[in-house]
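In what follows, a structure is listed as structure tokens, so that the remarks can point back to it.
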Amino acid sequence: MKMDLVINGFGGKCCDLSVEEYATVRELKEKVFRSVGVHWSRQKLLAGERMLEPDYKLLKEVLAGDKQLTLVVVQRQRVSDDKWMALLRNDGRKLRRAPAHLRSDRKVVLEAVAQNSQ
């Protein structure tokens with residue numbers, strides 16, 4: 288059975304979506320991504336005051352009859368390159384989480400590896 292949902296943002300209506308009641312929260316977020324362009328990892332969906340989580344839960348279990356949802360976009364704070372370098376000096380294993388431009392910088396990689404070998 289399909290559920291028709293209205294996704295609102297703080298600025299008004301974002302989109303209308305139709306999803307299967309046995310879809311997961313993650314599957315809904317992927318539909319929102321295709322419709323609105325906000326990656327699923329940056330979405331928080333609210334049904335009233337309740338956040339729809341965790342992502343593996345079935346929608347029919349978490350919606351409780353709500354048909355209007357609010358999309359909140361999570362803005363991540365960027366860590367500066369200087370802060371990344373300080374982190375890598377303390378723990379070179381953090382390189383795997385560093386931005387691509389740092390992971391591809393030979394000097395940065397060598398410094399992280401040297402720190403890890405100590």
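In the working numbering, the protein residues as written are 288 to 405. Virtual Cβ for every residue (Gly too), placed ideally from N, Cα, C.
Handout entry: Closest by C-alpha distance to C301, when choosing among L345, V360 and D342
Key = On the sequence shown, residue 301 is found 14 positions in, with the first residue counted as 1. Of the listed residues, the one whose Cα sits closest to C301 is V360.
Problem - Spatial neighbours of Q355 in its chain, beta-carbon cut-off 6 Å, leaving aside the 5 residues before and after - result: Against the sequence shown, residue 355 aligns to sequence position 68. Counting only Cβ-Cβ distances below 6 Å, and skipping sequence neighbours, we find V293.
Problem - As assigned by DSSP and simplified to three states, the class of S328 - result: Stepping through the sequence shown from its first residue, residue 328 is reached at position 41. Reduced to three states, the DSSP call for S328 is helix.
Exercise for the section: Would you mind stating whether A334 and L350 have Cβ atoms separated by less than 8 Å? Expected result: Start at 1 with the first residue of the sequence shown, and residue 334 comes out as number 47. Start at 1 with the first residue of the sequence shown, and residue 350 comes out as number 63. Yes, the pair counts as a contact, with Cβ atoms nearer than the cut-off.
Exercise for the section: Would you verify that the beta carbon of K381 is, or is not, closer than 8 Å to some beta carbon of chain C? Expected result: Annotation note: the requested chain C is absent from the structure, which comprises a single protein chain.
Practice task
Can you say whether A387 is buried or exposed, counting buried as having 16 or more other CB atoms within 10 angstroms of its CB?
Solution key: By one-based count along the sequence shown, residue 387 stands at place 100. Exposed, because fewer than 16 other Cβ atoms sit within 10 Å of the Cβ of A387.
Problem - Sequence ranges, alpha helix (DSSP H) only - wholly within the segment 357–394, length at least 4 - result: 368–377 and 387–390
Practice task
Please name the residue or residues paired with C302 in a DSSP beta bridge.
Solution key: The residue you call residue 302 lines up with position 15 of the sequence shown. Bridge partners of C302: I294.
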